[in-house]
Amino acid sequence: MKSPQQHLEERVLAAAGALLPPEAFAAATVKPCADPRHGDFQANVAMIAGKALGRPPRDVAAELAAALGEDAVAAAPQIAGPGFLNFTLKESYLDRAVAQARAEGRLGLDPVPAAAARRVVIDYGGPNIAKEMHVGHLRTHVLGAALARIHRFLGHHVVTDNHLGDWGTQFGKILSGYKEALAKDPAGTAAAMAEHPIGFLEELYQAFTEQAKTDPALDEAARRELAALQRGDAENLALWRQFVAATRAELDKIYARLDISFDETLGESAYNERLEPMVAELLSKGIARESEGATVVFFDGDAQLEDKPFLIRKSDGAFLYSTTDLATAQFRAERGVDAMIYVTDGRQQLHFQQVFATVRRWGILPECALEHAWFGAILGEDKKPLKTREGRPIKLRELLDEAESRALALITEKRPELPEARRREIARVVGLGALKYADLGQNRNLDYVFNWSKLLSFDGHTAPYLQNAYVRIRSIFRKGEVRPPAPETPVTLAEPAERALAKKLLALGETLRLAAAENRPHFLCIYLYELATAFHAFYEACPVLKAEEPARTSRLALCDLTAQALALGLELLGIGVLEEM
Ligand code: ARG
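Start counting the sequence shown at 0; every next residue gets the next number (numbering that gives the first Met the number 0).
So this is what it looks like as structure tokens:
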């Protein structure tokens, strides 16, 4: 079904089209009124057209209002201020729309028509091999997975790709360190690889880097090992495969806990064969140039990037992160893609500006939207990047453990009578949900200060607050020993608090479209918080189980639709709901 906003927008644009030249109102929109006392929706078409045509906007508004009149959805528009058209939804429409949203399922939100479905690659995650994930890896995974779910729910063809850092310079060092360890202590090395491979490889890497500070010959050895690997040397490749497999096994454990999965895990190494010919192509097309033995893309005539050359091959012949990202874009272009969304730390902004500018010059993706959905840092109370008390980065695994154990303590305090297994299950859903929401609820471009008690609070802009709102609705049905009314049940909403809640429910579609368009899941978080607040206001004002018919059934239907919206919204964020907590 169409949302009221979509319906009004179509009507307004059709009326404007009949009265005005199309170029006079191209930028016109219909938006929710900031102040509900003025109405539900507001159209700015008369002001835009008035300006374009040099006519008083209120005159244009009067003509449009007369042409529009009322319909089944909204009363005739009111002209307000300098020439806004304000619309108020009809009560009878709200009744029908709520009933229809329940009858259709999915909150009445149709997927985009097949012709409008876009092929969207969402590139997120991308941890580096042979390293454990730390707190800094949380945001890309949580944001990326939420964006993928939202785009997919809207009906787009989403491919999520985990662009593992599995081909970089660190492997030269790890290979050197590993070979040395193996020569010295074959049995101990094998045992360490079997027991704690990532920790062991990390130690090797760190020890090697430390030694190389005083022994420059080691760096030379590492470069040789890397070059051999990238050439396809059998021994190095076999070791590398072992490192990758061990790391992926660890990653998969964390992904299972976070409920994250990828359609593809290609990694930088997948593009090795492309690098050489691609650089040659960029050179021959004049997009890249040789400069002091290296190969570089210069952005002549680009005000922003003119003084920021993009190195794509070092003078020693080695390829870089930049080279693999260009090859990745080429590969995706060949397969067909309408949008690529990269979810990484804000410190990679320049890198992606350079990747995108190179891809544009190259011309391989003329129509594709290229978006860098970057994010800020997670800070400790001291406003510095979050660390353990001893000052080392917090492992992601530890962070998840702590979220669960803190939630378990809270739940145990609230519900000591529940069996332990049940408390643990609730703590898992609440703890990990709270952690994800803390990340998703913020504007991603901002740094945020991490605070356990805030994110686990049952009050405020948190996952437990929303999960609890869901539990409370479900408990109404349990307490009354009633099931949600049948999907087609007619609905009559008489009270202002009921109507306010219904209007909020009918705005979920716009929220999701906006969250997808700007890659900002926090729009959905804010929406869910407002929805829960509207529900509490309704529940304060209107008895449900004690109400007379037909209000009782209508209110039960409204409760049910609210529970569906909360569950759907949280699910899209990757957060679970519970029947009790
Ligand atoms: N491995 C990178 C890092 O750890 C992230 C990869 C992001 N994706 C990409 N196509 N560059 O920062």
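Even for Gly, the Cβ is constructed at its ideal location relative to N, Cα and C. Please read these numbers as outputs of a predicted model, since none were measured by experiment.
{"Item": "By Cβ distance below 6 Å, which residues in the same chain neighbour residue 155 in space, the five residues on each side in sequence not counted?", "Value": "116, 117, 119"}
{"Item": "Could you pull the start and end residues of the beta strand (DSSP E) that residue 293 belongs to?", "Value": "293-296"}
{"Item": "Have a look at residue 148 and residue 350 and give me their C-alpha separation to the nearest angstrom.", "Value": "26 Å"}
{"Item": "Would you mind reading off the limits of the alpha helix (DSSP H) that contains residue 309?", "Value": "Unbroken run through residue 309 is the beta strand (DSSP E), 309-312; no alpha helix (DSSP H)."}
{"Item": "Any idea what DSSP makes of residue 303, helix, strand or coil?", "Value": "coil"}
{"Item": "Rounded to whole angstroms, what is the Cα-Cα separation between residue 474 and residue 562?", "Value": "11 Å"}
{"Item": "For residue 184, count neighbouring Cβ atoms within 10 angstroms of its own Cβ and tell me buried if that reaches 16, exposed if not.", "Value": "exposed"}
{"Item": "If we require 4 or more residues per run, which alpha helix (DSSP H) segments fall completely within the segment 480-537?", "Value": "495-504, 507-517"}
{"Item": "Can you look up residue 363 in the DSSP assignment and give me helix, strand or coil?", "Value": "coil"}
{"Item": "Could you check the C-alpha separation between residue 272 and residue 323 for me, to the nearest Å?", "Value": "10 Å"}
{"Item": "Whole angstroms is fine: what's the gap from residue 370's alpha carbon to residue 330's?", "Value": "17 Å"}
{"Item": "So what's residue 152 in DSSP terms, helix, strand or just coil?", "Value": "helix"}
{"Item": "Determine the extent of the alpha helix (DSSP H) in which residue 31 is found, giving its start and end residues.", "Value": "Per DSSP, residue 31 belongs to no alpha helix (DSSP H); it is in the beta strand (DSSP E), 29-31."}
{"Item": "Please report the distance separating the alpha-carbon of residue 69 from that of residue 8.", "Value": "14 Å"}
{"Item": "Anyone know if the C-beta pair for residue 503 and residue 462 falls short of 8 Å?", "Value": "no"}
{"Item": "In this structure, does DSSP put residue 86 in helix, strand or coil?", "Value": "strand"}
{"Item": "Sorted by chain position, which residues of the same chain lie with C-beta nearer than 8 Å to residue 92's C-beta, five sequence neighbours on each side aside?", "Value": "3, 71, 72, 73"}
{"Item": "Does residue 21 pass the burial test, meaning 16 or more other C-beta atoms within 10 Å, or should it be called exposed?", "Value": "exposed"}
{"Item": "Could you tell me which of 384, 54, 542, 24 sits nearest to residue 44, measuring between CA atoms?", "Value": "24"}
{"Item": "Quick one: grab the DSSP three-state call for residue 277.", "Value": "helix"}
{"Item": "If residue 81 and residue 112 are in contact, beta carbons under 8 Å, what's the gap, nearest whole angstrom?", "Value": "Contact flag wrong, Cβ pair sits at about 36 Å."}
{"Item": "Would you kindly check if the distance between the Cβ of residue 411 and the Cβ of residue 427 is under 8 Å?", "Value": "no"}
{"Item": "Would you call the CB atoms of residue 439 and residue 134 closer than 8 Å?", "Value": "no"}
{"Item": "According to DSSP, residue 164 sits in a beta bridge with which residue or residues?", "Value": "127"}
{"Item": "Select from 360, 178, 307, 76 the residue whose C-alpha is nearest the C-alpha of residue 627.", "Value": "Given a span of 0 to 580 for the chain in the structure shown, any question on residue 627 remains unanswerable."}
{"Item": "Compute the Euclidean distance between the alpha carbons of residue 480 and residue 544, then round it to the nearest angstrom.", "Value": "10 Å"}
{"Item": "Do residue 505 and residue 96 count as a contact pair if the criterion is CB distance below 8 Å?", "Value": "yes"}
{"Item": "Restricting to Cα atoms, I'd like to know which of 108, 47, 126, 41 is closest to residue 87.", "Value": "41"}
{"Item": "Whole angstroms are fine: how far does the CA of residue 539 sit from the CA of residue 520?", "Value": "29 Å"}
{"Item": "Quick one: residues in its chain with C-beta nearer than 8 Å to the C-beta of residue 531, no 5 flanking neighbours on either side, listed in chain order?", "Value": "464, 465, 468, 565"}
{"Item": "Among 363, 452, 312, 571, which residue has its Cα nearest to the Cα of residue 643?", "Value": "Residue 643 falls outside the range modelled here, since the chain spans only 0 to 580, and no answer is possible."}
{"Item": "Would you call the segment 251-268 and the segment 302-315 in contact, with 3 or more CB pairs under 8 Å?", "Value": "no"}
{"Item": "Would you check whether the ligand ARG has a heavy atom nearer than 7 Å to the C-beta of residue 159?", "Value": "no"}
{"Item": "What number of angstroms, rounded off, separates the C-alpha of residue 379 from the C-alpha of residue 448?", "Value": "6 Å"}
{"Item": "Check residue 416 in the structure and name its three-state DSSP category.", "Value": "coil"}
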